[in-house]
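Novice: Line order of the protein sequences matches chains A and B.
First residue of the first sequence: 0, per numbering that gives the first Met the number 0; consecutive thereafter.
First residue of the second sequence: 0, per numbering that gives the first Met the number 0; consecutive thereafter.
For every residue, glycine included, the Cβ atom is placed at its ideal position computed from N, Cα and C.
Here the structure is a predicted model, which means the values were calculated and not measured.
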Amino acid sequence: MAATITVDIPTLRALAAQLADLAQLLDADNDDKTCIGTWVSDPRICTALKNIQHDWSHKRREIVGYLSSVGRAAGAAADAYGQTEQHIVKAAGG
Amino acid sequence: MGHGNGIKWYAHLELLGDGPAAAHACLAADPPRPPGSAAEFYDAAAQLGRRAQTLRDALGKLASIAATEGVWTGSAAESFRSVLRDAHRSHYDQVPQRYDGYAAALRAYAAALPGHQASIDSARADVQAALTAHQRVQLAASDHPYALALGTDRAGQLCQAASVRFRAAYNDWVDAVAQCERAIEKVDDDRLHNAHGAQVATDVIGGVAGELSSLTAVLAVLTLPFPVLSEALLVLSTASSLVALGADSTRRFAYGEDIDWRRLSLDALGAIPMIKPVEVGARAGRAAKEAGVLGRLGAGAKTFGRTFGHEVADAYVHGPARAVSNLKEAGFRGTFARPSLTRSMESLKGWEKQDLLQYPASWASDAYDHRRQGWAKAARSSAFRVTWQPLGPVVPAVRHGAARVGSAIAPALPDGRP
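1) Using DSSP with H/G/I as helix, E/B as strand and the rest coil, what is W55/A?
2) Name, please, each residue of chain A whose Cβ falls closer than 8 Å to the Cβ of I183/B.
3) State yes or no: is the beta carbon of Q82/A nearer than 8 Å to at least one beta carbon in chain B?
4) Can you find a C-beta in chain A that's less than 8 Å from the C-beta of L211/B?
5) Based on Cα-Cα distance, which residue from H87/B, P113/B, G18/B lies nearest to A154/B?
6) Which chain A residues are close to P34/B, counting only those with a beta carbon under 8 Å from its beta carbon?
7) Are there 16 or more other CB atoms within 10 angstroms of the CB of K58/A, so buried, or fewer, so exposed?
8) Of all Cβ atoms in chain B, is any one closer than 8 Å to the Cβ of P9/A?
9) Just confirm the distance between the C-beta atoms of A102/B and L47/B, as a whole number of angstroms; I'd bet it's less than 8 Å.
10) What residues from chain A crowd round L61/B, counting only those whose CB sits closer than 7 Å?
11) Within 10 angstroms of its Cβ, does Q52/B collect 16 or more other Cβ (buried), or is it exposed?
12) Quick one: is L214/B near chain A, going by C-beta distance under 8 Å?
13) Verify whether the separation of the beta carbon atoms of A212/B and S239/B is less than 8 Å.
14) Given 8 Å as the limit, is there contact between the stretch 118-126 of chain B and the stretch 160-173 of chain B, that is, 3 or more CB pairs closer than that?
15) CA-CA distance, D92/B and V220/B?
16) Can you find the residues in the same chain that come closer than 6 Å, C-beta to C-beta, to R106/B, ignoring five residues on each side of it along the sequence?
17) Cβ of A27/B within 8 Å of Cβ of L15/B?
18) By Cβ distance below 8 Å, which residues in the same chain neighbour L25/A in space, the five residues on each side in sequence not counted?
19) Considering just the uninterrupted stretch of the alpha helix (DSSP H) at A27/B, what are its terminal residues?
20) Could you tell me if G92/A is buried or exposed, where buried requires 16 or more neighbouring beta carbons within 10 angstroms of its beta carbon?
21) Rounded to the nearest angstrom, how far is the Cβ of L18/A from that of G70/A, given a contact under 8 Å?
22) For a contact meaning CB atoms closer than 8 Å, what does H192/B contact in chain A?
23) Identify the contact partners of Q46/B in chain A, using a Cβ-Cβ distance below 9 Å as the criterion.
24) Can you give me the C-alpha to C-alpha distance between G245/B and D189/B, rounded to a whole angstrom?
25) So, with DSSP's three-state summary, where would you put Y108/B?
26) Among P33/B, T67/B, D152/B, which one has its Cα closest to the Cα of P113/B?
27) Does the separation of the CB atoms of I204/B and V234/B fall below 8 Å?
28) Just to make sure I have the definition right: I need the residues of chain A whose C-beta is within less than 7 Å of the C-beta of V186/B. Which are they?
29) Could you tell me which chain B residues have their CB closer than 7 Å to the CB of I62/A, listed as they occur along the chain?
30) Less than 8 Å between CB atoms is the rule here; does L12/B satisfy it with respect to chain A?
31) Around the Cβ of A27/A, are there at least 16 other Cβ atoms within 10 angstroms (buried) or fewer (exposed)?
32) Check whether the Cβ atoms of I183/B and I87/A sit closer than 8 Å, and answer yes or no.
33) Going by CA-CA distance only, name the one from H90/B, S78/B, A208/B, S36/B that's closest to R55/B.
34) Check the Cβ-Cβ distances between A28/B and every residue of chain A, and say whether any is below 8 Å.
35) Starting from V82/B, trace the alpha helix (DSSP H) both ways and give me its first and last residue.
36) Where does the unbroken alpha helix (DSSP H) through R12/A begin, and where does it stop?
Written out as structure tokens, the structure is:
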């Protein structure tokens, strides 16, 4: 007998949303108007934070892309599993 | 504030002159007191810490999904896992550490800031008081020169003493900002930072050599009916794989880039003569078989192109075909007209193993000579300048025409033209 697989659709959907939010936040952390340097009013520390954020821009772009794509995949999986369950419920009921 | 690289930096306060002059210098310090508040730095640190924790949670959840292999099976599970990456190998797990590093630097500065602000405010008040006293002494004793001399001298000493205290407090704060900045910069010691200098060149060399290796391997397969040319291309493919192996190993072990063992193995296999063309040929053959087209090389190449997409087809099939056509037009008809095993063996007599080793060295040397163009451009164009040199010793028939071969092939290449 195969092991039971439980798909927690709300959790999967929440993960998708969390990953999309994270991707947006990481992106915003390097945006001129919202970057983490702007969180402090000391101009020198602001510049240091902006510079250091710029120094890993390539990897950050890669990670943002990764989080976005995995988030989309999780969202699609949640939708697909949700639809499957609805179909089965409908078929069993009808 | 001092200036450097277009960025305004805080400078240590210097006292120019004695007494009142020193006091004036203190009061003119820019900024007059440390900007910001401890609360805002603590808030920023807390926000960064929360960001780090959210990232850690998300990566943890993805890792647990990746680890469900055997529990969650089927094509949906496989598709989902195929987009997941190993957070450790791709260094994604260092992102939360980076944010924690920023947070720690800001928290340490926030803890010290109120003390610096209080010291500077207090020292400034003393300087202001000493300067006011000095001005009063000058006004009150203007009718009594002897008293003036005594009074202003004493008031001047007070100004000097207050200024020295102010300078000490101010420069302590400048040092604290520099320490915070260094703590922020130290975070960049991880594997996330952008490639620069030699690392950029290595990345480009790895990419170009890989492309070149595949391209010449395909060319070697396509030109099998013409052994002399095919052998030359085989040598180039092997040499390019050696370069790719060296560059990818450097990227993996020296720079910690996410180069997996599969890629290194393919580079290593490609460096063994004949392996890459055989692999490429098998791939093209498989594609041809799947499409139900067997037999002629042209048909196989056509199918290969359709399967791997128009762009790849242009790079690996139409381009080489155009190149071969250009070679014919360039006067190398003999090379194509008389395929012969005896002649092929003769052509390899002059070839020695060190030619292969010379190739990467020549590439590096040529790239270094042209580094002023920028490492990326220099590495890319050097690949094509140096690539056709090994043709000389390998194929006597084209020894004196290497430049013509290069110019005939180059226009057909899709990328990285000389």
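Specialist: To lay it out plainly:
1) Within the first sequence, numbered from 1, the residue matching residue 55/A stands at position 56. Residue state, collapsed to three classes: coil.
2) Here residue 183/B corresponds to residue number 184 of the second sequence, with the count starting at 1. The contacting residues are I44, A47, L48, I51.
3) Locating residue 82/A in the first sequence gives position 83, counting from the first residue. No, Q82/A does not count as interfacial toward chain B.
4) Reading the second sequence from its first residue, position 212 is the one you call residue 211/B. Judged by the 8 Å Cβ criterion, L211/B is not in contact with chain A.
5) For the purposes of this step, residue 154/B is taken as the residue at position 155 of the second sequence. A154/B has its Cα closest to that of G18/B, out of H87/B, P113/B, G18/B.
6) If you number the second sequence from 1, residue 34/B lands on position 35. The contacting residues are S40, D41, P42.
7) Within the first sequence, the letter at position 59 stands for residue 58/A. K58/A comes out buried.
8) Here residue 9/A corresponds to residue number 10 of the first sequence, with the count starting at 1. Taking Cβ atoms only, chain B never reaches closer than 8 Å to P9/A, which makes this a no.
9) Counting from one through the second sequence, the residue named residue 102/B turns up at place 103. Counting from one through the second sequence, the residue named residue 47/B turns up at place 48. Contact holds; Cβ gap of about 4 Å.
10) In the second sequence, counting from the first residue as 1, residue 61/B sits at position 62. Within 7 Å Cβ-Cβ: V69.
11) Taking the second sequence and counting its residues from 1, the one referred to as residue 52/B is at position 53. Exposed: under 16 other Cβ atoms inside 10 Å.
12) For this step, residue 214/B is matched to residue 215 along the second sequence. Cβ-Cβ to chain A under 8 Å: no for L214/B.
13) Taking the second sequence and counting its residues from 1, the one referred to as residue 212/B is at position 213. Taking the second sequence and counting its residues from 1, the one referred to as residue 239/B is at position 240. Rather than Ala, the amino acid found at residue 212/B in this sequence is Ser. For S212/B and S239/B, yes; Cβs fall inside 8 Å.
14) A contact exists between the stretch 118-126 of chain B and the stretch 160-173 of chain B.
15) Locating residue 92/B in the second sequence gives position 93, where the first residue counts as 1. Locating residue 220/B in the second sequence gives position 221, where the first residue counts as 1. When rounded, the distance between both Cα atoms is 43 Å.
16) Working through the second sequence from its first residue, we reach residue 106/B at position 107. Answer for R106/B: A44, listed in chain order.
17) The residue you call residue 27/B lines up with position 28 of the second sequence. The residue you call residue 15/B lines up with position 16 of the second sequence. Their beta carbons are not under 8 Å apart, which means A27/B does not touch L15/B by this criterion.
18) As a working mapping, residue 25/A is identified with position 26 in the first sequence. The residues are R59, I62, V63, L66.
19) For the purposes of this step, residue 27/B is taken as the residue at position 28 of the second sequence. Counting along the chain, A27/B falls outside any alpha helix (DSSP H), and DSSP gives it neither H nor E.
20) Working through the first sequence from its first residue, we reach residue 92/A at position 93. Note on G92/A: under 16 other CB atoms within 10 angstroms of its CB, so exposed under the neighbour-count rule.
21) As a first step, residue 18/A must be located in the first sequence, where it is residue number 19. As a first step, residue 70/A must be located in the first sequence, where it is residue number 71. About 3 Å; that satisfies the 8 Å criterion.
22) Walking along the second sequence from the start, residue 192/B turns up at place 193. Those within 8 Å of H192/B in chain A are D54, W55, K58.
23) Position 47 of the second sequence holds residue 46/B. Result: I35, W38.
24) The residue you call residue 245/B lines up with position 246 of the second sequence. The residue you call residue 189/B lines up with position 190 of the second sequence. When rounded, the distance between both Cα atoms is 23 Å.
25) Within the second sequence, the letter at position 109 stands for residue 108/B. Residue state, collapsed to three classes: helix.
26) Counting from 1 along the second sequence, the entry for residue 113/B is found at position 114. Nearest of P33/B, T67/B, D152/B to P113/B, Cα basis: P33/B.
27) For this step, residue 204/B is matched to residue 205 along the second sequence. For this step, residue 234/B is matched to residue 235 along the second sequence. Not closer than 8 Å, so no.
28) On the second sequence, position 187 is the one that residue 186/B refers to. Near V186/B (Cβ distances below 7 Å), the residues of chain A are I51.
29) Residue 62/A sits at position 63 when you count from the first residue of the first sequence. In chain order: Y91, V94.
30) Against the second sequence, residue 12/B aligns to sequence position 13. It does not: the Cβ of L12/B has no partner Cβ on chain A nearer than 8 Å.
31) As a working mapping, residue 27/A is identified with position 28 in the first sequence. Burial call: exposed.
32) Reading the second sequence from its first residue, position 184 is the one you call residue 183/B. Reading the first sequence from its first residue, position 88 is the one you call residue 87/A. Taking 8 Å as the Cβ cut-off, I183/B and I87/A do not qualify as a contacting pair.
33) The residue labelled residue 55/B in the question sits at position 56 within the second sequence. The shortest C-alpha separation from R55/B is found at H90/B.
34) Walking along the second sequence from the start, residue 28/B turns up at place 29. Judged by the 8 Å Cβ criterion, A28/B is not in contact with chain A.
35) Looking up residue 82/B in the second sequence gives position 83. Looking at the DSSP string, the run of the alpha helix (DSSP H) that includes V82/B is 74-82.
36) Taking the first residue of the first sequence as 1, we reach residue 12/A at position 13. Note, R12/A: alpha helix (DSSP H), 8-27.
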